[in-house]
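Only one structure is covered here, and it is reproduced in the block below.
Protein chains: 2
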Amino acid sequence: MPKVVDHEERRRRIAETLRRIAADEGLEAVSLGQVAAAAGISKGQVQHYFPNKDAMLRYAVRTLRDQVERQVAAGAADAPPDLRTVLVALLPLDDESRTEALVANAFVWRAFKDDEIAAWFRAGYEQLREALAALVEAELGLAGLDAAREADLLLALTAGLADAVLLGHRTGDEAAELIDLHLRRLPGGR
Amino acid sequence: MPKVVDHEERRRRIAETLRRIAADEGLEAVSLGQVAAAAGISKGQVQHYFPNKDAMLRYAVRTLRDQVERQVAAGAADAPPDLRTVLVALLPLDDESRTEALVANAFVWRAFKDDEIAAWFRAGYEQLREALAALVEAELGLAGLDAAREADLLLALTAGLADAVLLGHRTGDEAAELIDLHLRRLPGGR
DNA sequence: TGTTTTGCGATACGATCGGATTGTAAAGAG
DNA sequence: CTCTTTACAATCCGATCGTATCGCAAAACA
Chain A
15 MPKVVDHEER RRRIAETLRR IAADEGLEAV SLGQVAAAAG ISKGQVQHYF PNKDAMLRYA
75 VRTLRDQVER QVAAGAADAP PDLRTVLVAL LPLDDESRTE ALVANAFVWR AFKDDEIAAW
135 FRAGYEQLRE ALAALVEAEL GLAGLDAARE ADLLLALTAG LADAVLLGHR TGDEAAELID
195 LHLRRLPGGR
Chain B
15 MPKVVDHEER RRRIAETLRR IAADEGLEAV SLGQVAAAAG ISKGQVQHYF PNKDAMLRYA
75 VRTLRDQVER QVAAGAADAP PDLRTVLVAL LPLDDESRTE ALVANAFVWR AFKDDEIAAW
135 FRAGYEQLRE ALAALVEAEL GLAGLDAARE ADLLLALTAG LADAVLLGHR TGDEAAELID
195 LHLRRLPGGR
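In order, the protein sequence lines correspond to chains A and B. Our numbering runs 14 ahead of the 1-based position in the first sequence. Our numbering runs 14 ahead of the 1-based position in the second sequence.
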């Protein structure tokens, strides 16, 4: 057996470069050549680790989700997770989360056509929904259907606010304030 | 002067074809050749009416906004406009509004890079925001900052729900129900 | 009835795309 | 050392892209 390399590590580095390009210039600027050049490797190497472009894009989505999870986890690192903290952590407030949000947005359209990407979006949505429902239960004393519906509401609201912030329609502070306004009005809320 | 044609009509027809392609296959499938072929005209004719591809895309966005306005106006055609009716009209519930939402979504990323497209998105947002604020004032008796903030909340929530419906995370009925749940909780609400 | 101007089809151009092919250096296996 | 397998670089391919150019038919004006 020849030269030993960490395949997963190579793929991860390529995917990171891909996401950087996608965040900076959009998915349409992502090509095998561009990714290779930006990563400082040859086109052949990219081809060596991904059978085709779609596989590369799908991998980039998969590892993006890991990043988002880490982002939320970091936002609620200290103390037990807090509903407001988690929601605000989903907003694109700093450069890093803004980049992530941009990349996710760039992939949204792909999700309409690519079932595998759609599945990852769906899984991310469900996971977040369940986590939020659990927090709603814990903090507001709601359970079952009510908690689930409140979680849907919160998720939709936060997603809409995140888009508004990305597009510059609202500032991050305004978005956080609006989340607070909504939370204050929840039954059982403080 | 030679053959007389309605330039605006030609451009409108081209833009409609462009949006159809964008809704079906995404913005990346939009090319001069594809648009021309789908519209049953020659590539040269498309070039005759638009100086370049970007101008064509911008025109398609501009006339898309007209469509959305007509959609909302039609949704609230009879009787004085009703807050709930307007919000639900913004959801992608039928094929037509789903197509519009898909096209708008396809253009969102362009708005990050193209200032003219961004301006149209911004203008649409502000217009909707003001209309909603007026409805909030009329129906809930709120005024000024409160009405504006409630409008922001409603707009973000509806946008988030629209995306969730588009991605198949929620059904249209569920989204409408969630809007009702939120409205029921507003101060001054019925 | 020329002349001119516009509408638009046809085609050519250079760039870039995703993917396939080929060549080669390196490193464990025997 | 030899052989085989892997990692990767280089290059080529056909297709498609946006844009430029050329040519001509139709129509209003002279």
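Cβ atoms here follow ideal geometry from the backbone N, Cα and C, with glycine treated the same way. Everything numeric in this text was worked out from a predicted model, so none of it was measured.
Any Cβ of chain A closer than 7 Å to the Cβ of Ala-173 of chain B would place that residue at the interface, and such an atom is present. A direct Cα-to-Cα measurement between Asp-109 of chain B and Phe-121 of chain B gives close to 18 Å. Here DSSP, grouped into helix, strand and coil, assigns Ser-111 of chain A to helix. If you ignore the 5 residues before and after Gln-61 of chain A, its C-beta comes within less than 8 Å of the C-beta of Leu-46, all in its own chain and listed in chain order. Cβ-Cβ distances below 8 Å link Leu-175 of chain B to Leu-105, Arg-184, Ala-189, Leu-192, Ile-193 in the same chain, with the five nearest sequence neighbours on each side left out; the list follows chain order.
Check the Cα spacing between Glu-130 of chain B and each of B:Leu-41, B:Ala-69, B:Gly-202, B:Ala-29: the tightest is with B:Ala-69. Across the structure, Leu-32 of chain A and Ala-157 of chain B are spaced so that their CA atoms are roughly 47 Å apart. Non-local C-beta neighbours of Thr-113 of chain A in its own chain, meaning closer than 7 Å and more than five positions away in sequence, comprise Ala-37, ordered along the chain.
Assignment of Lys-127 of chain B by DSSP, reduced to helix, strand and coil, places it in the helix class. The stretch 144–153 of chain A makes no contact with the stretch 78–85 of chain A, as fewer than three CB pairs between them are under 8 Å. Contact annotation for Arg-184 of chain B against chain A: Asp-166 [CB-CB distance below 7 Å, chain order]. A Cβ of chain B is located within less than 7 Å of the beta carbon of Glu-42 of chain A. When the alpha-carbon of Leu-200 of chain B is set against those of B:Asp-160, B:Asp-177, B:Arg-24, the nearest one is in B:Asp-160. Neighbours of Arg-199 of chain A across chain B, judged by C-beta separation under 7 Å: Arg-199.
Taking every protein chain shown into account, the CB of Gly-182 of chain A has fewer than 16 other CB atoms within 10 angstroms, so this residue is exposed.
Chain A places a beta carbon closer than 7 Å to that of Ala-170 of chain B, counting this residue as a contact.
In terms of beta-carbon proximity, Tyr-73 of chain A stays away from the interface with chain B, with every pair separated by 7 Å or more.
Any Cβ of chain B closer than 7 Å to the Cβ of Trp-123 of chain A would place that residue at the interface, and such an atom is present.
About 5 Å separates the Cβ atoms of Arg-79 of chain A and Gly-138 of chain A, confirming a contact at the 8 Å cut-off. Annotation for Gly-40 of chain A: no alpha helix (DSSP H) segment contains it, and DSSP assigns it neither H nor E.
Non-local C-beta neighbours of Glu-153 of chain B in its own chain, meaning closer than 6 Å and more than five positions away in sequence, comprise Leu-97, ordered along the chain. If you draw a 10 Å sphere on the C-beta of Glu-22 of chain A, you find fewer than 16 other C-beta atoms in it, and that means exposed. The C-beta of Asn-119 of chain A has 16 or more other C-beta atoms within 10 Å across all chains shown, which makes the residue buried. Excluding the 5 residues flanking it on each side, Ala-162 of chain A has same chain C-beta neighbours closer than 6 Å at Ala-147, in chain order. Using a CB distance below 9 Å, the part of the stretch 99–130 of chain A facing chain B consists of Leu-116, Asn-119, Ala-120, Val-122, Trp-123, Arg-124, Ala-125, Phe-126, Lys-127, ordered along the chain. Close partners of Ala-137 of chain A in chain B (Cβ separation under 9 Å) are lacking, with about 11 Å as the shortest Cβ gap. Contacts between Arg-163 of chain A and chain B, judged by CB atoms closer than 9 Å, involve Glu-188, Glu-191, Leu-192, Leu-195 in chain order. Take Ala-115 of chain B, set aside five residues on each side of it, and the residues of its chain with a beta-carbon closer than 7 Å to its own are Pro-106, Ala-176, Leu-180, in chain order. For Arg-24 of chain B, same chain residues with a beta-carbon under 6 Å away, outside a window of 5 residues either side, are Tyr-63 in chain order. Any Cβ of chain A closer than 7 Å to the Cβ of Ala-178 of chain B would place that residue at the interface, and such an atom is present. Under the three-state reduction of DSSP output, Val-86 of chain A falls in the helix class. Runs of alpha helix (DSSP H) with 4 or more residues, each lying fully within the stretch 160–204 of chain B, are found at 186–198, listed in chain order. With at least 16 other beta carbons inside 10 angstroms of its own, Val-44 of chain B counts as buried.
The beta carbons of Ala-74 of chain A and Ala-29 of chain A sit closer together than 7 Å. If the five residues before and after Ser-56 of chain B are omitted, its C-beta is found closer than 7 Å to the C-beta atoms of Ala-50, all from its own chain and listed in chain order.
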